[in-house]
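In this text, residue positions in the sequence shown follow the numbering used here: the first is 22, and each later residue adds one.
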Amino acid sequence: MIIGHLINGQNFEGTRDRLGDVFDPSTGKITKQVALASKSTVKKAIKAAEAAFPAWRNTPPGKRAQVMYRLKTLLEKNADKICRLITEEHGKVLHDSRGELGRAIENIEYACAAPDLLKGEYTKNVGTSVDSWSEFQPLGVTAGITPFNFPAMVPFWMWPLAVVAGNTFILKPSERTPSAALYMTQLAQEAGLPPGVLNLVNGDKEAVDTLLHDPCVQAVSFVGSTPVAEYIYATGSANGKRVQALGEQKITP
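Spelled out as structure tokens, the structure:
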């Protein structure tokens, strides 16, 4: 079995010239293979996200939030399958997988509050005959690069809030635990996300570097090791992107 990508609302396998092995940690055996996206495949996802952005940014926040309500229901309905996928590829026991999924769903619940979160602020008469207001505007195409250890929870730290705020998104999960993230992205399509709003590419450094260098990608979020976080931050910011890079804290005894 080869795990592919989801681009513009469609499953997309891409080329088979670069494949990674996916292991069952309980046995050490290879159970699946994952397609490692080429630069052209990632560019395809970026173009899909760019094309979907104008219509999605103009979709009222209330309608965007309704998709999140439907996705929450689908995640709860399919919880057993999601947790099984996490356990089969990561190795954590089912109880921990259920806890992880619960944290992911909490982020969806928060995203459902978009109509209130995106209201902005207005202050009358901050100076003589001067009023002040602030408003939130989406950036455009955004991306997330997530680690192997929380394949369901960490992606949901990123894309639900980005998408409900009117951005489009490309998720690059860990190639070691790809199945849960892909399945949950497919559920988001079932919940009503328009094609291209949320895309998923599986891959390695080639996929990451394409996201970091493409000028259409406006912001990147990352969770993982400190050396990679430093690389993501330096490379993304040098290319004019807003970057959020979370690495583990280094503690010196």
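Glycine residues also receive a C-beta, built at the ideal position from the N, C-alpha and C atoms.
- Residue 173 is positioned such that its CB atom lies closer than 8 Å to that of residue 121.
- Burial of residue 109 is indicated by the presence of at least 16 other C-beta atoms within 10 angstroms of its C-beta.
- For residue 206, same chain residues with a beta-carbon under 7 Å away, outside a window of 5 residues either side, are 27, 192, 219 and 221 in chain order.
- Between residue 167 and residue 111 the beta-carbon gap is near 12 Å, outside 8 Å, which marks them as no contact.
- Of 71, 101, 228 and 53, the smallest CA-CA separation from residue 29 is found for 71.
- In terms of Cα proximity to residue 138, the closest of 81, 152 and 118 is 81.
- With 16 or more other Cβ atoms from the protein chains shown falling within 10 Å of its own Cβ, residue 208 counts as buried.
- Looking at the backbone, the Cα of residue 87 and that of residue 135 are separated by about 10 Å.
- When the Cα atoms are used, residue 225 and residue 149 turn out to be separated by approximately 56 Å.
- In the three-state reduction of the DSSP assignment, residue 91 falls in the helix class.
- In the structure shown, residue 128 falls within a helical segment according to DSSP collapsed to helix, strand and coil.
- From the listed residues 31, 22 and 41, the smallest Cα separation to residue 223 is found for 41.
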